[in-house]
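Protein chains: 2
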Amino acid sequence: MDHKMKNVLVVGGDGFCGWPTALHLSQLGHSVTIVDNLSRRRIDDDLGANSLTPIQPIDVRIAAWHEATGKTIGFEHIDVALEYDRFEALLAALKPDTVIHFAEQRAAPYSMKGISEKRYTVDNNIGATHNLLAAITNLNLDTHIVHLGTMGVYGYDDDGMEIPEGYLKVYIPGDEKQIFQREILYPTNPGSVYHMTKSMDQILFQFYAKNDHLRITDLHQGIVWGTQTEETKLDDRLMNRFDYDGDYGTVLNRFLMQSAVGHPLTVHGTGGQTRAFIHIQDTVKCLALAVENPPQERNKVKILNQMTETHTVRHLAGLVADATGAPVANVENPRNEAAENGLRVSNETFISLGLQPITLAQGLCEETQQIAQRFADRCRMDMIPCVSTWTDNQRPGLVPSSAVAAA
Amino acid sequence: MDHKMKNVLVVGGDGFCGWPTALHLSQLGHSVTIVDNLSRRRIDDDLGANSLTPIQPIDVRIAAWHEATGKTIGFEHIDVALEYDRFEALLAALKPDTVIHFAEQRAAPYSMKGISEKRYTVDNNIGATHNLLAAITNLNLDTHIVHLGTMGVYGYDDDGMEIPEGYLKVYIPGDEKQIFQREILYPTNPGSVYHMTKSMDQILFQFYAKNDHLRITDLHQGIVWGTQTEETKLDDRLMNRFDYDGDYGTVLNRFLMQSAVGHPLTVHGTGGQTRAFIHIQDTVKCLALAVENPPQERNKVKILNQMTETHTVRHLAGLVADATGAPVANVENPRNEAAENGLRVSNETFISLGLQPITLAQGLCEETQQIAQRFADRCRMDMIPCVSTWTDNQRPGLVPSSAVAAA
Ligand SMILES: NC(=O)c1ccc[n+]([C@@H]2O[C@H](COP(=O)([O-])OP(=O)(O)OC[C@H]3O[C@@H](n4cnc5c(N)ncnc54)[C@H](O)[C@@H]3O)[C@@H](O)[C@H]2O)c1
Ligand SMILES: NC(=O)c1ccc[n+]([C@@H]2O[C@H](COP(=O)([O-])OP(=O)(O)OC[C@H]3O[C@@H](n4cnc5c(N)ncnc54)[C@H](O)[C@@H]3O)[C@@H](O)[C@H]2O)c1
């Protein structure tokens, strides 16, 4: 562990994970600057959606933090995908020890909504990641890059194999009885355009680590639940966002919100999909551990699984139904995915670094339930359903393309 | 084999591989339209470089083809990475059976030149590929996409394993004595920003094949040598480009040109790098075979290795030196790569489809030698050296970043 206080740039620091991470690092004594283009707030406006919790403008948030703690967080309004020169100039001026990169379009349903959302997700996410890598290289900085990836890059192959932390040792029989052995990046199998961009990010990281010896940590995060952290609780103006809509709401938070407003819990298909989860409080702890433990190795990306437990969607719905009495409604699955899958994941690195996970069973969804109830009147019921579908059409058996061209 | 004449869109059809492919397909009776933004000609202007052969403007080329054969080739000036709407409208109007996608920045040294070339290569190549996939999906077309990848995505691991056609069957020991078996995309290990974009393309193809059932053929091509094809020889105005400069010139053509102008053959390092090669005449034949043999499978990309022989750079230099008497000069290798490597590659699909490769040994570099001699006076000697280096700096042991920021 490296106890020196760091100069940390939090890119995407106005978002659901980024904001509480910025506060936590600031609380620990690190010097924190946020970069964000506030695109997430704009997407809410465009969708007519909103955070269930009332979130304050970024300057109010930062002023409230200063009032509550005496600590200062910097803010720069930069689009890191589109404003390369401004971003490079900021990096040149700050020379951060660490850049945490949260700045990507992160909703799978949104990324599948239509042609412009698909294109935006690819352009924004690949542009942001590559600009960061290229700028650090170009400036010759020795900055440690911490990136948020997703468990979804692994895919859900379900042959019972435990998912390792990024790399896999494989054996390949040769044509002359030899056996070749290689350590490879876990073969990626993304399930949406969003997840696809994270798989592409991995290749960007692999190349810049190998060619330019950048130090990179890629955190393959599970689905985050919960809302508040120790720091966001200090003042209502610091409150974190809570997404519940069909595009951005993640499954557990959606269930809690649905129960609070008397909506049946919408389970996609049989709910047999097993996914990995982590509480937002653990997310910020993992980020601090990642910042304080930069990789020794320079030629190889350090990949950690940032998740604490796995559950089926069905099981989660059952838990919330038991706790709240809400009914469960199985709806058609809009996604292209296996109806049922198992999932075993290694998270040994964070556990060995001392993470003590908050489990669902510890009743900690209470806090989230309270949030859901407190702000239930802010919920727009029409935003709850998932309307993005993974495939409008099936090949073969196509709609005649003339009909489409005319449409 | 599918004997129906196809409606083929050749994206990047003004380039070194695209132009002779368009002519060959037109000659075979397919209906051909070229899309190109002429960026390759602009890059030549920017670099102060030029094709050794005098190439005609695209409209003159197309008129000459009509004069020589009575056949018509269409042309649309569209940037497929930046002008999505115009590109989609063209696809909607043409409903091509096949799109061949050549439209990428394809020089590894150019992609490593500096920050703007790195960013341009990523933005252009990923933008072009994703726009094509997203447009075909959005229009609900059943178009077969044929893409030019590169042997370079495989990397040069050199443990003696034969490189298969895209996929690898691997075995993974589990934690409880089971053995898991999977068929995976060959683990990619790109050696430049250019090659990295081709590795990222693979993930785009994998996703759109799986999710949207697009039919995709990805051709992992070796280094192309030669200049002319049967069709480009029909009229001087149809002549193909011949790149010889340090950025775009590929190794064998560079040697032939260097010998023609009395420049020593510049071998990087020991010349022990083994690479895969193919003659431009075989490239156009492979493309016709790919167009006429679309994959049956829709969920999985068909990957073929489009190469015919492997040689070390040293061996090639020796061949050219023997034939021409030119001296060999070993220069420092600007690339980050192994000094020596072996390479074994499977190309069984094209061979089984009837390809009869033109080998170097058949003396066919004669034609290229003639071209090099005929146009030797057009050579700019100062464009010959490779000036792009792979790493300006090494981490750790960095130039103080203040010096860089000030620069
Ligand atoms: N929330 C989850 O459950 C979860 C799970 C796994 C991984 N992740 C990953 O964690 C990261 C953060 O997720 P989140 O839930 O906080 O998402 P979020 O959308 O709430 O936050 C992302 C932030 O980045 C900003 N941003 C996006 N593009 C930008 C650009 N080009 N320039 C500057 N700022 C930009 C947005 O305005 C937003 O504030 C993402 O990369 C996401 O993929 C999240
Ligand atoms: N030449 C080789 O040795 C070789 C080897 C392996 C693979 N390849 C691949 O084959 C393909 C063609 O290579 P080439 O040697 O003919 O290259 P080239 O540069 O001569 O041709 C590419 C053509 O695409 C056009 N183009 C680029 N971006 C475009 C855009 N956004 N919109 C429209 N047009 C665009 C260029 O103007 C050019 O005419 C490339 O994808 C390359 O990676 C080439």
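As you go down the protein sequences, you meet chains A and B in turn.
Those letters in the first sequence? Residues 673 to 1079, per the working numbering, in order.
Those letters in the second sequence? Residues 673 to 1079, per the working numbering, in order.
All C-beta atoms in this analysis are idealised placements derived from N, C-alpha and C, irrespective of residue type, glycine included.
Values in this document were obtained by computation on a predicted structure and should not be read as measured data.
Option nearest residue i by Cα separation, candidates the options
i	options	result
H819 of chain A	A:T801, A:L813, A:D830, A:V825	A:T801
R1016 of chain B	B:Q968, B:Y916, B:D829	B:D829
Y839 of chain A	A:I975, A:L763, A:V825, A:A721	A:I975
L928 of chain A	A:Q874, A:A993, A:F877	A:A993
C958 of chain A	A:N1008, A:V896, A:K743	A:V896
W1088 of chain A	A:G742, A:G786, A:L754, A:D731	With chain A covering only 673 through 1079, there is no way to say anything about residue 1088 of chain A.
A764 of chain B	B:D751, B:A779, B:T815, B:H738	B:T815
Y858 of chain B	A:N883, A:I844, A:S1024	A:I844
G846 of chain A	B:G821, B:R854, B:E848, B:M833	B:M833
V771 of chain A	A:A735, A:I808, A:A740	A:I808
T946 of chain B	B:D907, B:R970, B:L988, B:R909	B:L988
I1030 of chain B	B:T982, B:A995, B:L937	B:T982
D731 of chain A	A:A721, A:I745, A:L724	A:I745
G943 of chain B	B:R986, B:T955, B:H696, B:R733	B:R986
F877 of chain A	A:H773, A:Q1045, A:S783, A:A779	A:H773
A995 of chain A	A:N1005, A:Q978, A:A1033	A:A1033
Min CB distance residue i to chain A below 7 Å
i	result
N844 of chain B	Just to set this straight, residue 844 of chain B is Ile in the shown sequence, not Asn. Yes, contact with chain A.
V1071 of chain B	For V1071 of chain B, the pLDDT reaches just 39, beneath the cut-off of 50, and the residue's location in the model is therefore unreliable, leaving the point undetermined.
H802 of chain B	yes
R791 of chain B	yes
V1076 of chain B	In this predicted model, V1076 of chain B has a pLDDT of only 32, less than 50, meaning its place in the structure is not dependable; the value taken from the coordinates is given anyway. Cβ-Cβ to chain A under 7 Å: yes for V1076 of chain B.
N883 of chain B	yes
M872 of chain B	yes
P859 of chain B	yes
A1079 of chain B	Since pLDDT at A1079 of chain B reaches only 30, below the 50 mark, its modelled position is unreliable, and no value is offered.
P862 of chain B	yes
I787 of chain B	yes
N796 of chain B	no
I1043 of chain B	no
A775 of chain B	no
Residue i, buried or exposed, once every other Cβ within 10 Å from all chains shown has been counted against 16
i	result
A1079 of chain A	Reliability of the predicted coordinates at A1079 of chain A is poor, the pLDDT of 30 falling under 50, and the value obtained from them is presented with this limitation in mind. A1079 of chain A is exposed by the Cβ-count criterion.
K676 of chain A	exposed
T922 of chain A	buried
Q853 of chain B	exposed
S723 of chain B	buried
I750 of chain B	buried
D873 of chain A	buried
A694 of chain B	buried
R1046 of chain A	exposed
A881 of chain A	buried
A775 of chain B	buried
Within-7 Å CB hit, residue i to chain B
i	result
M833 of chain A	yes
A1080 of chain A	Beyond the ends of chain A as shown, which are 673 and 1079, falls residue 1080 of chain A; an answer cannot be given.
P999 of chain A	no
F852 of chain A	yes
N1019 of chain A	no
N1005 of chain A	no
P692 of chain A	no
M868 of chain A	yes
F879 of chain A	yes
N810 of chain A	yes
I817 of chain A	no
beta-carbon residue i near ligand 4 non-hydrogen atom, thresh 6 Å
i	result
S711 of chain A	You won't find ligand 4 in this model; what it holds is ligand 1 and ligand 2.
Contact with chain C by residue i, beta-carbon distance below 7 Å
i	result
P781 of chain B	Structure shown: chain C not included; protein chains present are A and B.
task = Give a yes or no on contact between the stretch 946–962 of chain B and the stretch 863–872 of chain B, applying the rule of three or more CB pairs nearer than 8 Å.
result = A contact is defined here as three or more CB-CB pairs under 8 Å, and the stretch 946–962 of chain B fails this definition with respect to the stretch 863–872 of chain B.
ask   = Counting Cβ pairs, one atom from each stretch, are 3 or more of them under 8 Å apart for the stretch 681–694 of chain A and the stretch 878–888 of chain A?
value = Taking 8 Å as the limit for Cβ pairs, the verdict is that the stretch 878–888 of chain A does not touch the stretch 681–694 of chain A.
Residues from the stretch 698–729 of chain B in contact with chain A, defined by Cβ distance under 8 Å = Taking 8 Å as the Cβ-Cβ cut-off against chain A, none of the residues of the stretch 698–729 of chain B qualify.
task = State whether the stretch 953–972 of chain B contacts the stretch 692–700 of chain B, with contact taken as three or more CB pairs (one from each stretch) at a distance under 8 Å.
result = A contact exists between the stretch 953–972 of chain B and the stretch 692–700 of chain B.
request  = Examine the Cβ distances between the stretch 1041–1056 of chain B and the stretch 1000–1009 of chain B and report whether three or more of them are shorter than 8 Å.
outcome  = Short answer: they don't touch.
The stretch 715–723 of chain A in contact with the stretch 903–917 of chain A per 3-pair CB rule at 8 Å = Yes, since at least three Cβ pairs between the stretch 715–723 of chain A and the stretch 903–917 of chain A fall closer than 8 Å, the two stretches touch.
task = Decide if the stretch 787–807 of chain A is in contact with the stretch 790–799 of chain B; the criterion is three or more beta carbon pairs, one per stretch, under 8 Å apart.
result = Three or more beta-carbon pairs separated by less than 8 Å link the stretch 787–807 of chain A to the stretch 790–799 of chain B, which places the two stretches in contact.
ask   = Of all the residues that make up the stretch 913–947 of chain A, which are near chain B by a beta-carbon distance shorter than 7 Å?
value = So the list is empty, because no residue satisfies the distance condition.
task = Note down, in chain order, all residues in the stretch 952–976 of chain A with a beta-carbon under 9 Å from any beta-carbon belonging to chain B.
result = Contact annotation: in the stretch 952–976 of chain A, residues whose CB is within less than 9 Å of a CB in chain B are R970.
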